[in-house]
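Participant: So the numbering used here is basically just the index in the sequence shown, starting at one, shifted up by 3.
Glycine included, every Cβ here is placed at the ideal spot set by N, Cα and C.
Just dropping this structure here.
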Amino acid sequence: NACWDTMTEIAKIGNISSKSDLEVGAKILETGIWGAFKNVEINLPQVTDEKFKSNVLKECNVILKNSEKKFSEVCDILSKR
Numbered sequence: 004n005a006c007w008d009t010m011t012e013i014a015k016i017g018n019i020s021s022k023s024d025l026e027v028g029a030k031i032l033e034t035g036i037w038g039a040f041k042n043v044e045i046n047l048p049q050v051t052d053e054k055f056k057s058n059v060l061k062e063c064n065v066i067l068k069n070s071e072k073k074f075s076e077v078c079d080i081l082s083k084r
């Protein structure tokens with residue numbers, strides 16, 4: 004979340020000449036989070052504790068959805084500048 008907060012702030016006040024750099028950085032961050040989610044998703048079936056698996060999957064889904072939302076927010080802010 005700290006990375007997204009920083010990106011959102013930079014999108015608001017950063018040098019507009021660096022717009023595409025920030026867009027690329029935001030996409031890379033979103034993709035990295037998606038990749039981490041996929042890694043957890045593929046390895047989770049090996050875990051035998053069902054309650055733990057359920058909690059991890061819920062937390063991962065929250066993080067993934069937040070990432071998608073924050074990426075859109077950064078792009079929306081930049082598109083209005």
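Trp-7 and Lys-61: beta carbons closer than 9 Å?
Facilitator: Cβ distance not < 9 Å, so Trp-7 and Lys-61 don't count as in contact.
Participant: Of all the options Lys-22, Gly-38 and Ala-29, which has the alpha carbon lying nearest to the alpha carbon of Cys-118?
Facilitator: Lying outside 4 to 84, the shown extent of the chain, residue 118 is not represented and no answer is given.
Participant: Between Leu-67 and the rest of its own chain, which residues show a CB-CB distance below 6 Å, the 5 nearest in sequence each way excluded?
Facilitator: Cβ neighbours of Leu-67 beyond the five flanking positions: Phe-40.
Participant: Whole angstroms are fine: how far does the CA of Thr-34 sit from the CA of Ser-57?
Facilitator: Approximately 23 Å, taken between the alpha carbons.
Participant: Counting Cβ pairs closer than 8 Å, one from the segment 14–22 and one from the segment 75–82, do we hit at least three?
Facilitator: Output reads yes: the segment 75–82 touches the segment 14–22.
Participant: Please go through the same chain and pick out, in chain order, the residues whose beta-carbon is closer than 7 Å to the beta-carbon of Pro-48, but skip the five residues on each side of it.
Facilitator: Closer than 7 Å at the Cβ level, and outside the excluded window around Pro-48, lies no residue.
Participant: Taking 9 Å as the cut-off, decide whether the C-beta atoms of Glu-76 and Ala-14 are in contact.
Facilitator: Cβ atoms of Glu-76 and Ala-14: closer than 9 Å.
Participant: What's the gap between the Cα of Ser-70 and the Cα of Ile-36?
Facilitator: Roughly 7 Å separates the two Cα atoms.
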